[in-house]
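J.: Numbering (mature numbering (1 follows the signal peptide of the UniProt record, and there is no 0)), first residue to last: -21 to -1, 1 to 77. Below: one structure in structure tokens.
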């Protein structure tokens, strides 16, 4: 009986994890079940992780090597500068260069 109960709980957890992983629609975003609440952003990319304390959180976070920019996009560090985010003639969108 314990085995069936444990299997049911594991299956439910897996189903929830898969369902939540589809919520991340941004480019270079991933869903994490338990990660640091301090997401790397363009404004905090030079800070060390030691400055961040807190319990784990779940949600959409930028993939490794990417930083959250002010416009909520996940970008490489070179795209964090103001000049890169305001480049012309196109602008960066979630999926492509427009």
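From the three backbone atoms N, C-alpha and C, an ideal C-beta is built for every residue, glycine too.
Among 6, 43, 35, which one has its Cα closest to the Cα of residue 84?
T.: Lying outside -21 to 77, the shown extent of the chain, residue 84 is not represented and no answer is given.
J.: Roughly how many whole angstroms lie between the Cα atoms of residue 6 and residue -21?
T.: Using only the alpha carbons, I get a separation of about 43 Å.
J.: Who are the near neighbours of residue 33 in its chain, counting only those whose CB is closer than 6 Å to its CB and skipping five residues on each side?
T.: Same-chain partners within the cutoff: 16.
J.: For the candidate residues 55, 42, 58, whose alpha-carbon lies nearest to that of residue 4?
T.: With distances taken between Cα atoms, residue 4 lies closest to 42.
J.: What is the C-beta distance between residue 40 and residue 9, in whole angstroms, given that I count them as a contact (C-beta under 8 Å)?
T.: Yes, they are in contact, since the Cβ atoms of residue 40 and residue 9 sit about 6 Å apart, within 8 Å.
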